[in-house]
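Enquirer: Residue numbers (this note's numbering): 162 to 227.
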Amino acid sequence: MTALARPTHGRVIGGVCAALAKRFGTSATTMRVIFVLSCLLPGPQFLVYIALWILLPSEDEARTAW
């Protein structure tokens, strides 16, 4: 598994779904569909997405930190 960082290429909004897809070895499209379907359920999905967008470093930032 790779480190959790938002990719610089392949982002749609913030790169959170792309980062999670890369981390878990699935496609970004699959992760986006799962996110959209989860929004049909009650819960704080949008707040979690925004929090991950803020907390996850970009690949460029993660590369320079190491």
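Note that CB positions come from ideal geometry on N, CA and C, so glycine has one too. No experiment lies behind these values; they were computed from the predicted model shown.
Where does Arg-167 sit, in a helix, a strand or coil, going by DSSP?
Expert: Looking at Arg-167 - three-state DSSP - the assignment turns out to be strand.
Enquirer: Rounding to the nearest angstrom, what Cα-Cα distance links Leu-217 and Gly-186 in this structure?
Expert: The alpha-carbon atoms of Leu-217 and Gly-186 are separated by roughly 18 Å.
Enquirer: If I measure Cβ to Cβ from Glu-222 and keep anything under 8 Å in the same chain, skipping five residues before and after, which residues do I get?
Expert: Closer than 8 Å at the Cβ level, and outside the excluded window around Glu-222, lie Ala-166.
Enquirer: Which residues bound the alpha helix (DSSP H) around Leu-216?
Expert: Note, Leu-216: alpha helix (DSSP H), 206 to 216.
Enquirer: With a threshold of 8 Å on Cβ separation, who are the neighbours of Ala-179 within its own chain once the five nearest residues in sequence on each side are excluded?
Expert: Arg-167, Pro-168, Gly-171, Arg-172, Val-173, Ala-189, Met-192.
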